[in-house]
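Notes follow once the structure below has been shown.
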Amino acid sequence: MVGGTVSTAVRVARADYLQRTRSRRFLVVLAIIAYIGYQLNVGTFELLYQDTVDGTTVDYRGEPTAPYIGLTTGLTGGLFLLFFGYYILASSLRRDRATGFDELLASMPVSDRAYLLGKWLSHVGVVTVMLTTLAAAALVNHAVHGVGPTDPIWIVGAVFLIGVPMGCFVAGVTLVFQSTDRLRGTLGNVTYFFGAVTLLSLVAAAFAGDDGGAGSISLWIRAVDSIGLVAAGEMTFDALLEVAPGYDGPPVANYGTGTIGGAMATFEWNGGSWPTWFYANRLGFALAGVGLALVATLPYDRYAPREESAGTAVVDRLGRFVTSVFSRDDTTAAGSETGEPANISLTPVTDRSAGGFGRLFIQELKLLVRGHARWWYAGVAFIAVVGLVGSAPPNAIVSIAVIWPLFVWSGMGYRTDHYRITPVVISSNQPYRQLLAEWAAGAVVTAGFLGVALWPNVLDAGPEGVVVFVGAVLFVPSVAQALGLWSQTRRVFELGYLVLWYAGPLNGIVPLDFAGATTKTVGTATPMLFGAVGLIALGAALARRALQA
1 MVGGTVSTAV RVARADYLQR TRSRRFLVVL AIIAYIGYQL NVGTFELLYQ DTVDGTTVDY
61 RGEPTAPYIG LTTGLTGGLF LLFFGYYILA SSLRRDRATG FDELLASMPV SDRAYLLGKW
121 LSHVGVVTVM LTTLAAAALV NHAVHGVGPT DPIWIVGAVF LIGVPMGCFV AGVTLVFQST
181 DRLRGTLGNV TYFFGAVTLL SLVAAAFAGD DGGAGSISLW IRAVDSIGLV AAGEMTFDAL
241 LEVAPGYDGP PVANYGTGTI GGAMATFEWN GGSWPTWFYA NRLGFALAGV GLALVATLPY
301 DRYAPREESA GTAVVDRLGR FVTSVFSRDD TTAAGSETGE PANISLTPVT DRSAGGFGRL
361 FIQELKLLVR GHARWWYAGV AFIAVVGLVG SAPPNAIVSI AVIWPLFVWS GMGYRTDHYR
421 ITPVVISSNQ PYRQLLAEWA AGAVVTAGFL GVALWPNVLD AGPEGVVVFV GAVLFVPSVA
481 QALGLWSQTR RVFELGYLVL WYAGPLNGIV PLDFAGATTK TVGTATPMLF GAVGLIALGA
541 ALARRALQA
């Protein structure tokens, strides 16, 4: 029984793996990963410690030796998989539904467990290819730009030790989300993003230790060290103290580009043994991935409707039953009087311009705002009430107001391809009208949410506040539509927008605050830049429609 399940899972994994690796999109992903591997060797992203000396922030960076590059590359691979792996892997089950393969699967003697385990193995295989590409790029670039001999064991070993367990875990989470009806779409994408941020933020608790040593890091923080930051800190901390004996910063290394304009010092780390607890940590994440793949069989239903929830399906079936009961006689009578096809008269279409832009705009607006969950509409009402009162802090209400419509924007540009009506649209007399109507509907939704949140700031700032408002209204729907059209998926926009929103409006990075949540972009060039990006994106969407037509 177990042997048959494993054998079937391997066959499913092989078929799915071949399908995914033959995609041109996957080649683009590998090219991006190879570029990241290059950037690691030239110092764009580094493992570093930070401390304040005489009021100046000092970044302590490692020399690009093979162990240091291997450790940094491994952290990069883990971080990449944590934040982007789900969005790369999530298309597997979705593709089976979109192509109708799930209907064929429903008639096959393949158990849900074997099918989902096969998908999990396929995901792990895809992750392995990505990590191999990253390790190979790091090897080649270290041989050219690195310091000291190029040690493939340290570089490749660190990448796979950190990355593969993380990939196993993300693959399991992906299957659970994609097997759960309510988590397949935008809600799942948003939930995963915040879950990844939370998991990584838990390690930030280690920064509370002020003794400068690994002893301040608790066991539970080591257990949730998803990408190896704590382990990297324990291995490199002694090398840091050799060049900075008075270091008084956190015992956990940071990761990123460092402080702009700050002082810099270097330390040399030539490798060492991995902490014993880290092997248990990696095994735990890998086993958690297998467990999640098995858990995914509980919500997974191969016979479920594709685009409607179970509650909607029950209501529709009940409605059809009631209608059939009360109209049975009329239907029978009408059926008995049915004439020959030649005798049936249809009303001729004399005015083909009856469906004007206004009518199309209303329909596109209905498509954007209808069909959401009740809690989403409750959130809309809350934003409207709190925003119109005008007493909430601008950064709070604006941050909420520009994330809540993500469920609306994410379908722009993508919907026509998803429901396979693009051929109908481009064969019409006005192939661009639907695109412009959809954009106008998205702009109205954006203006509505931003209007109730920004109106106090706009009144205080005058024309410069209007510029902030207009820039955001131009930017968001245009980018959503362009990315949806060109990528033919909603995930590209959702992930990019979540990152931008998290950094800009939510965390107050002024150059990325497209919505004016910080109130510091008033009178600057930032709103105009975002507005210009929006116009360029709208032009890209029109160009895509021209290619389709």
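Per UniProt numbering, the very first residue in the sequence shown carries number 1; after that it's consecutive.
Even glycine gets a Cβ: it sits at the ideal position worked out from N, Cα and C.
It should be emphasised that the depicted structure is a prediction, and the values quoted were computed from it without experimental measurement.
Have a look at Ala263, Pro527, Leu175 and flag the residue whose alpha-carbon is nearest the alpha-carbon of Gly188.
Ranked by how close their Cα comes to the Cα of Gly188, the residues Ala263, Pro527, Leu175 have Leu175 in first place.
Can you tell me where the beta strand (DSSP E) holding Glu46 begins and where it ends?
Going by DSSP, Glu46 is part of the beta strand (DSSP E) stretching over 46 to 53.
If I'm right that residue 550 touches Asp59 with Cβ under 8 Å, what's the distance once you round it to whole angstroms?
Residue 550 cannot be examined here, being either before or after the span of the chain that is shown, 1 to 549.
Please say whether Gly516 and Val470 have beta carbons closer to each other than 8 Å?
It is not a contact, given that the beta carbons lie outside the stated cut-off.
How many Å lie between residue 552 and Phe84 at the Cα?
Because the chain here runs from 1 to 549, residue 552 falls outside it and cannot be looked at.
So, are the CB atoms of Pro393 and Phe449 less than 8 Å apart?
Phe449 is positioned such that its CB atom lies no closer than 8 Å to that of Pro393.
Where Asp59 falls: helix, strand or coil (DSSP)
Strand, per DSSP.
Taking just the CA atoms, how far does Thr150 sit from Thr422?
Thr422 and Thr150 have their alpha carbons spaced roughly 52 Å apart.
Cα-Cα separation, Arg14 to Thr446
Answer to the nearest angstrom: the Cα atoms are 44 Å apart.
Put Phe514 into one of helix, strand or coil per three-state DSSP.
Phe514 falls in the coil class under three-state DSSP.
Alpha carbon of Ala223 to alpha carbon of Tyr247, nearest angstrom:
Ala223 and Tyr247 have their C-alpha atoms some 26 Å from each other.
Whole angstroms are fine: how far does the CA of Asp16 sit from the CA of Leu121?
A straight line joining the alpha-carbon of Leu121 with that of Asp16 spans about 9 Å.
Sub-8 Å separation of Glu242 and Phe267 beta-carbons
In contact: Glu242 and Phe267 (Cβ atoms closer than 8 Å).
Can you find the residues in the same chain that come closer than 7 Å, C-beta to C-beta, to Arg182, ignoring five residues on each side of it along the sequence?
Closer than 7 Å at the Cβ level, and outside the excluded window around Arg182, lies no residue.
Exposure label - Asn281; buried when at least 16 CB within 10 Å
Its Cβ being crowded by 16 or more others within 10 Å, Asn281 is buried.
Using a Cβ-Cβ cut-off of 8 Å (strictly less than) and excluding sequence neighbours within five positions of Thr5, which residues of its own chain qualify?
Here the set comprises Ser111, Arg113, Ala114, Leu117.
Excluding sequence positions up to five away, which residues of its chain have a Cβ less than 7 Å from the Cβ of Arg25?
Cβ within range, chain order: n/a, list empty.
Can you tell me which of Ala31, Phe101, Leu71, Val170 puts its alpha carbon nearest to the alpha carbon of Val12?
Nearest neighbour of Val12 by Cα position, chosen from Ala31, Phe101, Leu71, Val170, turns out to be Phe101.
With H, G and I counted as helix, E and B as strand and the rest as coil, what does DSSP make of Thr266?
The answer is strand: DSSP assigns Thr266 an E or B state.
Segments of 3+ residues assigned as beta strand (DSSP E) that fall wholly inside the segment 131 to 188:
List check, beta strand (DSSP E) in window: nothing returned.
Can you tell me which of Leu131, Asp96, Ala143, Val252 puts its alpha carbon nearest to the alpha carbon of Ile217?
Looking from the CA of Ile217, the closest CA among Leu131, Asp96, Ala143, Val252 belongs to Val252.
Mind checking Trp274: buried by the 16 CB within 10 Å criterion, or exposed?
With 16 or more other Cβ atoms within 10 Å, it is buried.
Name the DSSP bridge partner or partners of Asn254?
According to DSSP, residue pairing for Asn254 in a beta bridge involves Leu48.
Contacts around Tyr300, its chain only, beta-carbon distance under 7 Å, and the 5 residues preceding and following it disregarded
Excluding its 5 nearest sequence neighbours in each direction, Tyr300 has C-beta neighbours in its own chain below 7 Å: Asp112, Leu116, Ser179, listed in chain order.
Could you check what DSSP says for Asn429 in three-state terms: helix, strand or coil?
Of the three classes helix, strand and coil, the one that applies to Asn429 here is coil, per DSSP.
Measuring CB to CB, does Gly78 end up less than 8 Å from Ile227?
In contact: Gly78 and Ile227 (Cβ atoms closer than 8 Å).
Tell me the rounded alpha-carbon separation between Leu459 and Lys366.
Whole-angstrom Cα-Cα distance: 30 Å.
Given Leu483 as reference, the closest of Thr524, Val466, Ala537, Phe530 once Cα atoms are compared:
With distances taken between Cα atoms, Leu483 lies closest to Ala537.
Going by alpha carbons, who is nearest to Val386 out of Val479, Gln39, Ile400?
Residue Ile400 is the option with its Cα nearest to Val386.
Suppose the cutoff is 7 Å on Cβ atoms and the five residues either side in sequence are ignored; what does the same chain contact list for Glu364 look like?
Same-chain partners within the cutoff: Ala437, Glu438, Ala441.
Contact the segment 196 to 204 vs the segment 425 to 437: 3+ CB pairs below 8 Å
Contact between the segment 196 to 204 and the segment 425 to 437 is absent: fewer than three C-beta pairs spanning the two stretches fall below 8 Å.
Report the rounded CA-to-CA distance for Glu308 versus Met108, giving the unit in angstroms.
Any reading at Glu308 must be qualified, since the residue scores a pLDDT of 44, below 50, and its modelled position is unreliable; no value is offered.
Going by CA-CA distance only, name the one from Pro250, Leu360, Ser92, Glu63 that's closest to Tyr49.
Residue Pro250 is the option with its Cα nearest to Tyr49.
Beta-carbon spacing of Val473, Ala443 below 8 Å
At a Cβ-Cβ threshold of 8 Å, Val473 and Ala443 count as neighbours.
The alpha helix (DSSP H) with Arg222 in it runs from where to where?
It spans 219 to 223 - the alpha helix (DSSP H) in which Arg222 sits, taken as one unbroken run.
Classify Trp439 as helix, strand or coil using the three-state DSSP reduction.
It is helical.
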